[in-house]
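Right, one structure below, let's go through it.
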Amino acid sequence: MDAIAQTRTELDLDLVVTAYLSDQIPVVAEPQIALAGRSNVGKSTLVNCLAGRKGLAKISATPGKTRSLNFYQARATGYCLVDLPGYGYARCSMAERDKWAKLIEAYLSKTDQLRAVVALVDCRLPPQRLDIELVDWLRARRIPMIMVLTKADKCKQRDREARKKEWRELAQPAFPPILFSGKTGLGREALCRVLAEAAVNPEASPPAP
Ligand SMILES: Nc1nc2c(ncn2[C@@H]2O[C@H](COP(=O)(O)OP(=O)(O)OP(=O)(O)O)[C@@H](O)[C@H]2O)c(=O)[nH]1
Ligand SMILES: [Mg+2]
1 MDAIAQTRTE LDLDLVVTAY LSDQIPVVAE PQIALAGRSN VGKSTLVNCL
51 AGRKGLAKIS ATPGKTRSLN FYQARATGYC LVDLPGYGYA RCSMAERDKW
101 AKLIEAYLSK TDQLRAVVAL VDCRLPPQRL DIELVDWLRA RRIPMIMVLT
151 KADKCKQRDR EARKKEWREL AQPAFPPILF SGKTGLGREA LCRVLAEAAV
201 NPEASPPAP
């Protein structure tokens with residue numbers, strides 16, 4: 001199925017691997033796109049929205065729900081989405097961030113197939129320190145970035161556009177920031193198109209070591 005046809009349907013996502021520790025991280029041959037962002041920002045909700053299946057990824061109003069790397073294979077498109085644990089919520093955030101960084105570094109060192117990282121930020125909030133750290137971290141590793149502004153259904157149109165502009169200037173992502181709502185499906189098709197493009201984009205190939 002070509003990428004355009006795929007954007008009109010649900011992504012056929014299957015959870016194939018869950019890794020809690022670095023030695024559980026698999027070597028996956030397919031192109032991969034990872035989802036990163038603070039706890040509670042809506043990463044797992046986005047997976048479910050793309051798949052059109054509410055119970056595929058576990059979501060929770062309590063931050064810190066996802067504690068593992070979860071690999072979802074998008075069968076028809078041939079790439080993997082990797083739902084990363086959220087970070088930056090616990091009080092001991094330095095230790096938590098250190099753990100997050102180690103797990104992600106372990107992941108990055110095992111794959112040369114990472115094509116891009118989707119950086120999710122909450123549309124309702126001005127850029128947060130942890131969001132900026134993530135963006136800087138990705139930029140330092142030359143990992144192409146797709147910015148997704150989540151919970152757009154809870155944000156006024158004027159504020160949404162202002163935030164989008166702010167992030168475009170701040171992060172200079174590989175693609176224009178996407179306003180997204182897991183509740184209404186806003187931005188879903190645009191994101192599917194960008195994911196399909198990023199997965200095959202030779203410009204967006206392995207990050208610098
Ligand atoms: N209104 C609205 N609520 C959302 C949206 N996305 C996520 N939520 C809610 O935000 C909460 C957290 O969502 P999750 O998808 O579990 O967030 P996460 O980023 O995976 O969180 P961790 O696994 O802790 O890192 C849940 O209560 C969701 O229902 C959205 O687009 N709109
Ligand atoms: Mg989650």
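Everything in the sequence shown is counted per UniProt numbering, starting at 1 for the first residue and increasing by one.
Don't be surprised by glycine CBs; every beta carbon is placed ideally from N, CA and C.
Just so you know, these numbers come straight off a predicted model, no measurement behind them.
query                                                                                                    : result
Buried versus exposed, by CB contacts within 10 Å (16 or more), Q73                                      : buried
Range covered by the alpha helix (DSSP H) that runs through N48                                          : 43-51
Inter-stretch contact at 8 Å, needing at least 3 Cβ pairs: the segment 99-108 / the segment 118-127      : no
Residue closest to A76, alpha-carbon to alpha-carbon, out of S60, L35, A51                               : A51
Counted within 10 angstroms of its Cβ, other Cβ atoms place Y20 as buried (16 or more) or exposed        : exposed
Anticipated Cβ contact below 8 Å, V17 with P31, distance rounded                                         : Between P31 and V17 the Cβ distance is about 16 Å, and since that is not below 8 Å, they are no contact.
Cβ-based neighbour list, K54, same chain, cut-off 6 Å, excluding 5 preceding and 5 following             : N48
Span separating the alpha-carbon of L191 from that of A95                                                : 32 Å
Contact between the segment 175-189 and the segment 132-142 (3+ Cβ pairs under 8 Å)                      : no
Assigned secondary structure, A196 (DSSP; H/G/I helix, E/B strand, else coil)                            : helix
DSSP state of N201 mapped onto helix, strand, coil                                                       : coil
Close Cβ partners of residue 213 (< 6 Å) along its chain, the five nearest in sequence each way excluded : Only positions 1 to 209 of the chain appear in this structure, which leaves residue 213 out of reach.
When A61, E169, I146 are compared against G41, the one with the closest alpha-carbon                     : Just to set this straight, residue 41 is Val in the shown sequence, not Gly. Checked all of A61, E169, I146; the closest Cα to V41 is A61.
Pick from D159, K165, C123, Q172 that is closest to P144, judged by C-alpha positions                    : Q172
Those residues which DSSP pairs with I59 across a bridge                                                 : Bridge partners of I59: none, in fact.
T66 burial status per 10 Å Cβ neighbour count (16 or more: buried)                                       : buried
Span of the alpha helix (DSSP H), counted from its first residue to its last, around A140                : 129-140
Rounded Cβ spacing between I146 and A101 (contact assumed at less than 8 Å)                              : Not a contact, Cβ separation roughly 20 Å.
Residue from T45, L103, A34, I33 whose Cα sits closest to the Cα of K183                                 : T45
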